[in-house]
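Engineer: Structure in structure tokens, see below.
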Amino acid sequence: MRLRPLVALAALVVAGTVLAGCGAGTSEPPTASGCDANPSLEPGMSIPLAVTVDGAARGYTVHVPATMTAQTPTPLILAFAGYRMPPGQLEQLSGLDGSGAIVVYPQAASTAAGVGWQGAPYSSGEDDVAFTTALLDDVESRLCIDPKRVFAAGISNGGGFVSLLSCALPERIAAFAVVSGAIYPATNPPCASGSPVPVIEFHGTADDVIPYDGGIRHDATVAPVSLWLSRVATRNGCAADPRSESVATGVERQTWTGCHDRGALVHYRIDGGGHVWPGAAGSGETAISATTLIETFFTAHPLP
């Protein structure tokens, strides 16, 4: 699967579905300021950059697809690594660089308070939502981004932060992917209010880091996956009970129906799966590719 800019959307059931098609329609999407600038970043490269937030430099790496052209609005994926995971590790693990989208790998802050993304008991204490907003502004000033096709994905602590972003920036980010997400209700509570959003989630039943049925980590309660999903379903106005089907050996897909507006919710329950990015090298035998499914889901859910 490749995520290409401005290509007609093929049927999602066909292998090779591309994200780029989700922007096609009768009206042109708004364009970022970078579409009018001379590109300063070379296609086909991963480049370390930084943006200043509250007087401090925050780092990120941006991968520019080799196929990108200067004035063609291109999808953007924000990819948030887990607790103490270098962004480069997620870049290698996920394979998102092959999507055809611009992919940004932000660096979590490290302070005396802790190391990790906002919403976890061990987080740095920095305002990572403000960082994400500043980062998006910075990238959109440098490159030709399609603002209707900005997406966020994350694993573990990064997945927990993606959940938080779905509450904080639903007007800026079109769809959200959570992989083995670490959701701590005390520091990452459900949205007090918010518009429905598209969410796809993956979790293994044998995850011994963030247990599927919840537990205690870092002296804090981790939410059961079922509880978090029910809260997202409620926010999205979906039916209470999902439609379940086996999609591969040991993999159950749960799809919520009747969701309001642009809301959508899909969960992949992986029997015996660990704390991994399904389908990645070294993640054990997995019958699905989280990356491929995330790309397909993002393709189907641009901002209106």
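When the letters of the sequence shown are read in order and numbered with mature numbering (1 follows the signal peptide of the UniProt record, and there is no 0), they come out as residues -20 to -1, 1 to 284. Positions of the beta carbon are idealized from the N, C-alpha and C atoms, including for glycine.
Excluding five sequence neighbours on each side, which residues of the same chain lie with their C-beta closer than 7 Å to the C-beta of D241?
Structural biologist: Within the same chain, D241 has close Cβ partners S175 and P176.
Engineer: Give the DSSP bridge partners of Q234, in chain order.
Structural biologist: Per DSSP, S224 and H247.
Engineer: What span of residues does the beta strand (DSSP E) with P178 cover, start to end?
Structural biologist: Start and end: P178 to G184.
Engineer: Specify, as a first and last residue, the run of the alpha helix (DSSP H) that L70 falls within.
Structural biologist: P67 to S74 is the extent of the alpha helix (DSSP H) around L70.
Engineer: Can L76 and V42 be called in contact, C-beta distance under 8 Å?
Structural biologist: Not closer than 8 Å, so no.
Engineer: So, is S90 buried or exposed, given that buried needs 16 or more other C-beta atoms within 10 angstroms?
Structural biologist: Exposed: under 16 other Cβ atoms inside 10 Å.
Engineer: With 16 as the cutoff for other CB atoms within 10 Å, does M48 come out buried or exposed?
Structural biologist: Buried is the call here.
Engineer: Using 8 Å as the threshold, is the C-beta distance between S143 and N168 below it?
Structural biologist: For S143 and N168, yes; Cβs fall inside 8 Å.
Engineer: Count the C-beta pairs between the region 244 to 257 and the region 210 to 228 that are closer than 8 Å, then say yes if the count reaches three, no if not.
Structural biologist: Yes, they touch.
Engineer: Who are I135's beta bridge partners in DSSP?
Structural biologist: Note: I135 sits in a beta bridge opposite V159.
Engineer: Report yes or no: do three or more beta-carbon pairs, one from the region 120 to 138 and one from the region 153 to 166, lie closer than 8 Å?
Structural biologist: Because the criterion of three Cβ pairs below 8 Å is met, the region 120 to 138 and the region 153 to 166 touch.
Engineer: Compare the C-beta of A270 with all C-beta atoms of chain B and state if any pair is closer than 8 Å.
Structural biologist: Of the chains in the structure shown, none is chain B; there is only one protein chain.
Engineer: Tell me the residue span of the alpha helix (DSSP H) that contains residue 285.
Structural biologist: Nothing can be reported for residue 285: it is not among the residues displayed for the chain, which extend from -20 to 284.
Engineer: Taking all protein chains shown into account, decide if R122 is buried (16 or more other Cβ within 10 angstroms of its Cβ) or exposed.
Structural biologist: Flag for R122 reads buried.
Engineer: Q87 and P67: beta carbons closer than 8 Å?
Structural biologist: In contact: Q87 and P67 (Cβ atoms closer than 8 Å).
Engineer: Using the three-state DSSP reduction, which class does T279 fall into: helix, strand or coil?
Structural biologist: Three-state DSSP puts T279 in a helix.
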